[in-house]
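Throughout the sequence shown, residue numbering follows my numbering, covering 120 to 463 in sequence.
As structure tokens, the structure follows; a few thoughts come after it.
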Amino acid sequence: MSIKKPELRAVDSPNQPITQDAHEAADDARVGWEHFQQLMEEDKRVEPRDWMPEQYRKTLVRQVSQHAHSEIIGMQPEGNWISRAPSLKRKSVLMAKVQDEAGHGLYLYSAAETLGTSRDEMYQQLYTGKAKYSSIFNYPARTWADVGAIGWLVDGAAITNQVPLCRASYGPYGRAMVRVCKEESFHQRQGWEILYTLSHGTEEQKQMAQDAVDRTYGPALQMFGPPDGDSPNSQQSMAWNIKRFSNDDLRQRFVDMIVPQAEALGLTLPDPELKWNEERGHYDYADLDWDEFFSVVKGNGPLNHQRLAHYRAARDNGAWVREAAAAYAAKQADATRGSALLSA
Ligand code: FAQ
């Protein structure tokens with residue numbers, strides 16, 4: 120797909136006199152566009168200082184901020200299990216994982232800020248319910264086994280989607296992804312280990328693990344986004360080297376990866392149509408419930424209201440901490456300025 124060249128006019132109206140400044144601005148934009156085009160062709164990185172088409176900037180702010188919101192809301196299903204984890208070791212590992220997700224949100228908000236959208240604006244979009252975040256986090260984590268299924272399947276899907284994003288054309292996003300992916304692999308292993316322990320425990324524990332996998336499998340596959348034919352953003356994002364693979368390609372890669380893993384766990388994936396297709400060299404799998412997906416994305420999933428209400432309450436209750444931190448920082452800055460003046 121070719122990249123649409125923006126209109127580079129020196130003035131908006133043909134009746135206006137063309138000023139020197141307008142000429143220079145048009146020249147700058149033309150040089151910027153050519154440079155951007157060259158970066159795309161050579162598969163090199165775009166940095167915050169570089170000129171970029173407005174649509175490229177908007178696409179990135181959309182994707183990166185949605186990704187950040189997903190990490191932040193994504194703390195809730197597992198955070199809910201910290202106080203009920205079955206041992207001190209499980210509790211400390213889970214606390215570290217949930218804390219990592221907060222860190223991922225912060226790296227991603229920082230990356231999005233370099234595109235010119237303030238963090239407060241992004242927080243506000245999430246607070247008011249205007250922003251999207253990943254559909255998966257609108258489902259409940261009913262038992263301890265769900266914490267295992269989230270780690271194995273949700274973090275597993277996240278890694279499959281995010282490893283290619285380490286090569287995203289926008290530098291700050293790609294670099295944030297490198298660290299995020301390292302931490303997500305640890306998360307996936309802790310989920311796998313919880314499920315392995317349960318599936319090799321009592322009959323009741325094995326059943327608990329199976330139920331959690333049954334609940335999580337479909338929504339985890341939907342994390343990759345709608346089918347390619349219903350994905351309005353994919354084609355342009357791939358032309359801009361932001362996304363490297365289509366939603367369906369990544370979903371297939373994930374299915375191919377988890378089938379043998381499920382066998383090793385001694386658990387089954389809840390799809391009677393799952394079957395190796397010799398000709399394609401991939402597993403065939405049943406179509407997913409896309410009506411349910413779009414309903415969740417529109418805000419009507421099992422826990423959309425609860426997740427947002429919890430986020431708003433946490434943000435409101437933490438307002439005094441932010442105010443105190445800002446007041447302390449202002450005081451420190453005044454003191455530093457004062458001592459600089461004295462020593463001058
Ligand atoms: N949920 O045209 P496309 C994690 C929206 S992080 C909700 O295909 P695109 C870590 C999409 O925004 C998980 N909405 O869009 C963790 C668009 O709406 P818009 C998050 C979805 O951007 C683990 C519309 O549908 N990961 O799990 C979903 O090209 C455990 C049309 O879709 C990322 O964000 C969905 N599943 O492709 C934390 C990765 N899918 O904006 C805690 C980065 C699509 O036009 C515990 N993002 N939509 O109104 C991406 O790779 C892409 O944005 C996709 C969507 C693949 C998610």
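No residue lacks a Cβ here, since even glycine has one placed at the ideal position from N, Cα and C.
Secondary structure in the region 199–258: the alpha helix (DSSP H) runs of 4 residues or longer, each lying completely within the stretch, are 207–232, 238–246 in chain order. Across the structure, Gln281 and Met296 are spaced so that their CA atoms are roughly 7 Å apart.
In this structure, ligand 1 has a non-hydrogen atom nearer than 7 Å to the beta-carbon of Glu197.
Ligand 1 approaches Glu190 closely enough that one of its heavy atoms is under 7 Å from the residue's Cβ. Going by DSSP, His429 is part of the alpha helix (DSSP H) stretching over 423–436. Taking C-beta separations shorter than 7 Å and ignoring five residues to either side along the sequence, the partners of Lys210 in its chain run Ile201, Ala204, following chain order. The closest heavy atom of ligand 1 lies less than 7 Å from the beta carbon of Phe343. Trp395 and Trp271 have their C-alpha atoms roughly 21 Å apart. Put simply, the backbone Cα of Phe155 is about 10 Å away from that of Tyr175.
For Asp274, the shortest separation between its Cβ and any heavy atom of ligand 1 lies below 7 Å.
For Val183, the secondary structure class from DSSP, reduced to helix, strand or coil, is helix. Pro351 has its Cβ nearer than 7 Å to a heavy atom of ligand 1.
Here Asp347 is near Ser365, since their CB atoms are less than 8 Å apart.
Met342 and Ser253 do touch by the CB rule: their CB atoms are close to 6 Å apart, below 8 Å. In summary, Gln451 is exposed, with fewer than 16 beta-carbon neighbours lying within 10 Å of its beta-carbon over all protein chains present. Non-local C-beta neighbours of Arg431 in its own chain, meaning closer than 7 Å and more than five positions away in sequence, comprise Tyr246, ordered along the chain. Of the other Cβ atoms in all chains shown, fewer than 16 fall within 10 Å of the Cβ of Thr321; this residue is therefore exposed. Taking 8 Å as the cut-off, the Cβ atoms of Pro283 and Arg363 count as close. Taking the Cα positions, Ile313 is about 30 Å away from Val183. Ligand 1 approaches Ala277 closely enough that one of its heavy atoms is under 7 Å from the residue's Cβ. Trp152 and Leu158 have their C-alpha atoms roughly 10 Å apart. In the three-state DSSP reduction, Trp263 falls in the helix class (H, G or I). Remark: three or more beta-carbon pairs, one from each stretch, lie closer than 8 Å, so the region 189–200 and the region 213–233 are flagged as touching.
Taking 7 Å as the cut-off, the C-beta of Glu220 counts as close to a heavy atom of ligand 1.
CA-to-CA, the gap between Gly337 and Leu369 works out to about 15 Å. When Cβ pairs closer than 8 Å are counted between the two stretches, the region 421–440 is seen to touch the region 257–276, the count reaching three or more.
For Val297, the secondary structure class from DSSP, reduced to helix, strand or coil, is helix. Boundaries cannot be given for Asp406, as no alpha helix (DSSP H) includes it and DSSP labels it neither H nor E. For Leu407, the CB stays at least 7 Å from every heavy atom of ligand 1.
Of the candidates Glu166, Gln243, Leu460, Glu166 places its Cα closest to the Cα of Ala287. For Lys325, the uninterrupted alpha helix (DSSP H) segment begins and ends at 322–341.
Per DSSP, Asn396 lies in no alpha helix (DSSP H) segment; the continuous beta strand (DSSP E) that holds it begins and ends at 394–396.
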